[in-house]
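Residue numbers (this note's numbering), protein chains in the order written: chain U, 186 to 349; chain G, 186 to 349. The C-beta atom is built at its ideal place from N, Cα and C for all residues, glycine as well. All values reported here derive from a predicted model rather than from experimental measurement. Single-structure report; data block below.
2 protein chains.
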Amino acid sequence: MKIAKSDHIKTIFKNKLPLLYGIALAAILFLIKWLEYQFVIIDHALEIYIGAIALIFTALGIWLPLKLSKPKLQTVVIEKEVYLQKQDPDYVPDEQQLLKMGISRREWEVLSLMSQGLSNQEIANQLYVSLNTVKTHGSNLFLKLEVKRRTQAIEKGKRMGLIG
Amino acid sequence: MKIAKSDHIKTIFKNKLPLLYGIALAAILFLIKWLEYQFVIIDHALEIYIGAIALIFTALGIWLPLKLSKPKLQTVVIEKEVYLQKQDPDYVPDEQQLLKMGISRREWEVLSLMSQGLSNQEIANQLYVSLNTVKTHGSNLFLKLEVKRRTQAIEKGKRMGLIG
DNA sequence: AGTGAAATCACCCAAAAGTATGAGTGATAT
DNA sequence: ATATCACTCATACTTTTGGGTGATTTCACT
């Protein structure tokens, strides 16, 4: 996820851009002089020169940003399968997992009691908090586990080793 | 991630680009003529003109693609972990237990799907029966398992080896 | 002192789950 | 034949669950 090309781009601009300009201008002037001395003077020669220069430098202007500009980022999510073993009964909540999922202590407690088959009201009684609080913890838990129902939360929680 | 601007860009290129070029060239030529007649001839006037033109058209070349082209895309791959658990594919429910509990085949199927986190409606779709039927099976199942909720049924079902 | 996360709780609304009851069908056993 | 049972489905009703919003407090960290 590192995007540290700006320094690179600045370097190119400071070092190479004037050089390119110099080369291009020199080439153009040389071409003009060469044409002047090699051939008879052409009608509207000035306009032709100007047109040619315009075209060449427009092309240069188009080409430069394409090469130098940093691309926009496109995010692609790839699902990586992680296999876990069956948990032993006296499993201690995986602190790493909980942290990674951003699940708080209270949320985990609610999940744990849910998995034991308690209703929200029963969980509220058990934790000495209101039913609303349990529901809030539940909702946040479902968001973090990316599930829709308590049964899914239980199932996923077990698979991830969050609960025994 | 929709990028459907190419038609738009083509239209601009076909209609507006030649116009811009015409205007720019006319302005340049006018400027040159004006300078020619207003002031004394300057040393290296041609080179100055050419430099000015080069600058202007380079700027034009830079500005045009920025406005018109679709941005370059760089793909950033984010790995999202999906937690799976190798499950006994041919898990055989404890027939003895099922018989002892008087749980029918259909009721067991409902229990099994419940334990996977499915809603009653999803179970109904899966089994090609109506939502009411699933509810009936569920109610009967709860009676036989002596539980009040699906979460309790899941918990008890696992403990009794009815489901994997 | 200010910021931010966690925890608490309320209110409202909608959806899902669960209960109760009745009823029709087909297969099977008595 | 008929009684039983699993399965199906419906209607009506209640409870539980879940989503969204917003408020308050506490506590740690800056």
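Between residue i and residue j, which are expected to be in contact by the criterion C-beta below 8 Å, what is the C-beta distance as a whole number of angstroms?
i, j, result
"V267 (chain G)", "T260 (chain U)", "Between T260 (chain U) and V267 (chain G) the Cβ distance is about 17 Å, and since that is not below 8 Å, they are no contact."
"R335 (chain U)", "G323 (chain U)", "7 Å"
Could you give the distance in angstroms between the alpha-carbon of residue i and the alpha-carbon of residue j?
i, j, result
"L283 (chain G)", "E264 (chain G)", "42 Å"
"A303 (chain G)", "G346 (chain G)", "Note on identity: in this sequence residue 303 (chain G) is Leu, with Ala being the wrong assignment. C-alpha separation (whole angstroms): 20 Å."
"Q301 (chain U)", "L312 (chain G)", "27 Å"
"K320 (chain U)", "N305 (chain U)", "7 Å"
"L326 (chain U)", "K285 (chain G)", "37 Å"
"A309 (chain G)", "M299 (chain G)", "11 Å"
"W293 (chain G)", "N317 (chain G)", "16 Å"
"Q281 (chain G)", "G287 (chain G)", "10 Å"
"Q337 (chain U)", "S315 (chain U)", "23 Å"
"R290 (chain U)", "G342 (chain G)", "28 Å"
"E330 (chain G)", "R344 (chain G)", "The sequence shown places Leu at residue 330 (chain G), rather than the Glu named in the question. Straight-line Cα distance between these residues: approximately 12 Å."
"I164 (chain G)", "L328 (chain U)", "Outside the modelled stretch of chain G, which goes from 186 to 349, sits residue 164 (chain G), for which no answer is possible."
"E350 (chain U)", "L269 (chain G)", "Residue coverage of chain U in this structure runs from 186 to 349, which leaves residue 350 (chain U) outside it and unanswerable."
"I339 (chain G)", "V332 (chain G)", "10 Å"
"E244 (chain U)", "L240 (chain G)", "This sequence places Ala at residue 244 (chain U); Glu is not what is there. Rounded to the nearest angstrom, the two C-alpha atoms are 12 Å apart."
"L296 (chain U)", "S297 (chain G)", "20 Å"
What residues match up with residue i in a beta bridge as DSSP calls it?
i, result
"T260 (chain G)", "U:Q259"
From the DSSP output, in three-state form, read off residue i for me.
i, result
"V156 (chain U)", "Nothing about residue 156 (chain U) can be reported from this structure: the residues present for chain U run from 186 to 349 only."
"S324 (chain U)", "helix"
"V332 (chain G)", "coil"
"L303 (chain G)", "coil"
"V319 (chain G)", "helix"
"G349 (chain U)", "coil"
"I288 (chain G)", "coil"
"Q311 (chain U)", "helix"
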